[in-house]
Each structure stands twice: as C-alpha cells, then as structure tokens.
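Trainee:
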Amino acid sequence: MELSYLDNAASEPLRPQALAAMNEAAASLAGIGANPSSAHAAGRKAAALLETARARVARALGAEPAEVIFTGGGTDSCALALRGLARAARRQESHRAQIVVSQVEHDAVGLNARDLQDAGFQVQLLPVDSGGVVELEAVAGLDTTKIAAVSVMSVCNENGVVQPVSELCHLLREKAVADTRARQSGHAAGGKGSGNSSDSGFAIHTDAIAAAGRQEINFADSPVDAISLACHKVGGPASLGVLLARREVKIASDRRGGGQERALRAGTQDVIAAVGAAAAFAAAQQELAETTRRHQQLREKLVQGALKITGVKLASNAPAVPGIVQFALAGAEAEGLLFSLDQAGICASAGSACHTGVARPSPVLLAQGYSEQDALGSLRISFGWSTRDEDVDRLLQALPGALNASRKLAERERK
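Going left to right, the sequence shown walks through residues 96 to 510 as the numbering used here numbers them.
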C-alpha cells in the first residue's frame, strides 16, 4: 500500500540533496578513518569536510561558523543549552537560580527544566492563552535578577503556533534594567546595553526545531542567545542536531571529553551526517518561500475539508506556520483514530512523536484550556518537502470513517 506521509513535524524524509551529499562524502572517505581530530592526512581530510559543512550550516542560518555546535540531536541541543546556560549564570551570580519556560514547551526543554530543580533551581512557567500563545503580560510578575536562563520555543511542535520570542526578549531585557536598578537600591545600573545576556545576567534560548524549514532563521538578526535545531526535521539525518550559541555567551557544559565543539559537546563528530545536515538546511532555506506558499494551499484545503466533519475543531486560531495543523476532535481518542488512519495508509500523529504509544491528553490542548477528555482527541497533520495534494485528499476521504470508529471505541471504553 502506498503511504500518505503527513507526520513531517516528527521527521521529514531524507532530502535528495542530503542523500547525495552524504554519499559523496562517504565515497571521499572510503578506505580511510574519518576522525576529524586526528592530525594525519586522513584526519585532516575529515576535518576539512566537517568545517566546510559547519560553514554551510552557518551560511544557511545566518550565523558565524564558530557559533555552530554539532550535537547528537534536537533533544541533546536543548539539554546542552538549558542546563549549560543555567549553570553558567548561577556560577557567575549565585542568586540566579530560576529557570523560565513556557507552559507548552516540548519535553526536551520542559523535562530538563524540571531536572534542574534537583540542582536547586526553581522553574517558573509562562502561561499561554486559549490560542496557545505565551502571555507576555506574565513578564511583569518576574524578578529578572533571579533568572538564570529563559527558554521559549519559536514554533509549537503540536499546533504550529508562532510564539512572540522577539517581543518576549525585548520585554525581559527592558525589565532587567529596571530590576537591576531596584536591586542596587536606586544606584544606576548603567546604560541599556546592547540587549544580550551579558547585560541582563541571564541568557535566552529558543527551541526552533519545529520552526526550521517553516520560518526564516537568521541568528545574526535574532535577539536570542542560543537556538536549538534538529537536522531530521528539515530532511537531514536523524543522528545530528545543531546548537547556535553566541561566542560571548557562557555555557557550563557537563559533557566532558576530548574538547570537541568548543569543548561543549565532546565526542568524535559524525562527519558524513554533518555534510548531509548542511545540505538539508541549505535546501530548506533556499526553498522556504515556495514551501510556505505550497503549505498554505495544502492547509487551506485540509482545514476547509476537515471542518465540514461534525465535531472537528481547529485547535488554535492563533498565527501559525502553515505546515503544522492541530485539530481537536470531540468524542474521539487519538489512539483509535490514528490506528484507523494507519490502516488506510495515512501517517499522522496526535502530537509529539516522543509520546507515540502513550495514551494521554495533549499537554498543549490542556494548557489552552481544553478539558482532559477533549484533549485526548488530538490530531496533528504536518507537511514537508514531499507532501502532495493527493495526500491531503486521501486524509479527508478517510477521516470521517476513522473518526466514527474512534468515537464508537471511546464510547465503549467509557461505559
């Protein structure tokens, strides 16, 4: 059976450009070692490929090569950033022991923030409104002199909602000036500064994993101090992530070893994967305008068709990237629905792929104010570079029957 793949927010198919680049790199390293830290000719060849890939990633994402740190994946990138930024800030100023994250963060951020509580940090959650957008008014209630690190995602991985990261950065740093002056008992804290972590005393990180390939990413113009990315979300290899981190920002890494990746993420780098990741990021950025246009057309077709089905509701009407759509399905449970769709050859999800096989309400829908029962009926559809019109057509054809079966199953289970 031919599959209609509509779960690209979990992982995009490997792009042809990435596969070709990886094959070429593998061929050039055939018969020799590929450790880029080795001093001999084979090591230098591997190192040249790695640094060329790093420079290409940097160009695609508006960064300097020295700001590109290769990691083991998106979760690894988020963990390194949040843990490292928080520890570094507290080492510099011991009173900084607060982590600020949004209510709808992926577990790659949320669970790492929770783990930092064991190390004496406090976690402050920024609430979201009924559309899933972070409430900027919550900044007024923060004491920024206690903050070590802030992490708010750029795009929600479940519903595609775009978070106001730039506005949040501005508000936090403006408040930091006032809070610092108040802490110093009326003494001037100096000028407003350039607006980065060295002025405010804390660093701001964003998980842009769901944004890559759906939003332009330009680190040079971004107000954040660090950005986490996952290569397989843009059609690259799944074994690699990227952390963009400003050179002046301090990260206290616990990854001890050979000193690779600015001594922040030790371990022998996967040169071939880095080459594939660079090709994928470059292609995703080059095709962004066309991808956005095509995804918008697919989204309009999907939403118009799905909302004609009884009990189907668009989970959020907030501004979102067109490539990720979440529905709330009254009376249904995602587990049965996804099984029925899978039987019809349609690959979809209820939300984060990290929770596949676990029947639980969507945490994003819960944060938006949905009931626990309604939050069980979540369906996420996400487009990628390979999504076709006929994939959406097949879904719309199969969805009424799958939804019916899911509702009947859910009703029996509730009796």
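Positions of the beta carbon are idealized from the N, C-alpha and C atoms, including for glycine.
Tell me whether the region 338-354 and the region 106-123 touch, counting them as touching only if at least three CB pairs, one residue from each stretch, are closer than 8 angstroms.
Mentor: Short answer: they don't touch.
Trainee: When the distance is taken between beta carbons, is residue 344 closer than 8 angstroms to residue 298?
Mentor: yes
Trainee: What ranges does the beta strand (DSSP E) occupy inside the region 183-225, keeping only unbroken runs of at least 3 residues that lie completely in it?
Mentor: 193-197, 217-221
Trainee: Output the boundary residues of the beta strand (DSSP E) element that contains residue 503.
Mentor: Note, residue 503: premise wrong, no beta strand (DSSP E); alpha helix (DSSP H) at 484-509.
Trainee: With distance defined between alpha-carbon atoms, name the residue in 464, 475, 446, 429 nearest to residue 497.
Mentor: 429
Trainee: For residue 284, does the three-state DSSP call read helix, strand or coil?
Mentor: Note that residue 284 scores 42 on pLDDT, short of 50, meaning its location in the model is unreliable; the coordinates nonetheless yield the value given after this. Residue 284: coil per DSSP, three-state reduction.
Trainee: Which residue wins for smallest C-alpha separation from residue 180, given the options 108, 195, 122, 169?
Mentor: 195
Trainee: Can you tell me the Cβ-Cβ gap for residue 240 and residue 274, rounded? I've got them flagged as a contact below 8 angstroms.
Mentor: 5 angstroms
Trainee: For residue 152, which three-state DSSP category applies?
Mentor: helix
Trainee: Using alpha carbons as the reference points, say which of 417, 401, 359, 365 lies closest to residue 385.
Mentor: 417
Trainee: If residue 364 sits next to residue 216, beta carbons under 8 angstroms apart, how far is it from one beta carbon to the other, in whole angstroms?
Mentor: 30 angstroms between Cβ atoms; not a contact.
Trainee: Are residue 314 and residue 177 close, meaning C-beta to C-beta below 8 angstroms?
Mentor: no
Trainee: Mark residue 262 as exposed unless 16 or more other C-beta atoms lie within 10 angstroms of its C-beta, in which case mark it buried.
Mentor: exposed
Trainee: Report, in whole angstroms, the separation of the C-beta atoms of residue 221 and residue 204, which I expect to be a contact under 8 angstroms.
Mentor: Their Cβ separation, rounded to whole angstroms, is 12 angstroms, which puts residue 221 and residue 204 out of contact at 8 angstroms.
Trainee: Do residue 434 and the ligand SAH come close, with the Cβ less than 7 angstroms from some heavy atom?
Mentor: The model depicted lacks the ligand SAH and carries no ligand whatsoever.
Trainee: Cβ of residue 102 within 8 angstroms of Cβ of residue 326?
Mentor: no
Trainee: Mapping the DSSP letters down to three states, classify residue 345 as helix, strand or coil.
Mentor: coil
Trainee: Rounded C-beta distance between residue 141 and residue 129? I'm assuming under 8 angstroms.
Mentor: 5 angstroms
Trainee: Taking 8 angstroms as the limit between beta carbons, can you name the residues of its chain near residue 283, skipping five residues before and five after?
Mentor: Any reading at residue 283 needs caution, since the residue's pLDDT is 46, under 50, leaving its predicted position unreliable; the model's value is listed next. Within the same chain, and ignoring the five residues on either side of residue 283 in sequence, the residues whose Cβ sits closer than 8 angstroms to its Cβ are 276.
Trainee: Please state whether DSSP places residue 324 in a helix, a strand or coil.
Mentor: strand
Trainee: Going by beta carbon distance, what residues of the same chain come within less than 7 angstroms of residue 415, once the five residues before and after it are set aside?
Mentor: Cβ within range, chain order: 254, 255, 256, 257.
Trainee: Can the beta-carbon of residue 350 be found closer than 8 angstroms to that of residue 360?
Mentor: Yes.
Trainee: State the Cα-Cα distance for the pair residue 190 and residue 184, rounded to the nearest angstrom.
Mentor: As the crow flies, the alpha-carbon of residue 190 is around 9 angstroms from that of residue 184.
Trainee: For residue 505, does the count of other Cβ atoms within 10 angstroms reach 16, so buried, or fall short, so exposed?
Mentor: buried
Trainee: What separation, rounded to the nearest whole angstrom, lies between the Cα atoms of residue 362 and residue 445?
Mentor: 35 angstroms
Trainee: Compare the beta carbon distance of residue 295 and residue 266 with 8 angstroms and say whether it is the shorter of the two.
Mentor: no
Trainee: Are residue 473 and residue 421 touching if we call contact CB-CB under 8 angstroms?
Mentor: yes
Trainee: Which whole runs of the alpha helix (DSSP H) in the region 394-453 are 4 residues long or more, in chain order?
Mentor: Listed in chain order, the complete alpha helix (DSSP H) runs (minimum 4 residues) inside the region 394-453 are 429-438.
Trainee: On a CA-only basis, which of 482, 394, 392, 423 is nearest residue 404? Give me that one, please.
Mentor: 423
Trainee: With a 10 Å radius around its C-beta and 16 neighbouring C-beta atoms as the bar for buried, classify residue 466 as buried or exposed.
Mentor: exposed
Trainee: At the level of alpha carbons, what is the spacing between residue 233 and residue 476?
Mentor: 31 angstroms
Trainee: Taking residue 131 as the reference, give the member of 120, 121, 144 with the closest Cα.
Mentor: 144
Trainee: Between 332, 376, 186, which lies nearest to residue 242 when the distance is taken from Cα to Cα?
Mentor: 186
Trainee: According to DSSP, what are the bridge partners of residue 166?
Mentor: 336
Trainee: On the three-state DSSP scale, how would you describe residue 110?
Mentor: coil
Trainee: Taking the straight line between their C-alpha atoms, what separation do you get for residue 106 and residue 192?
Mentor: 35 angstroms
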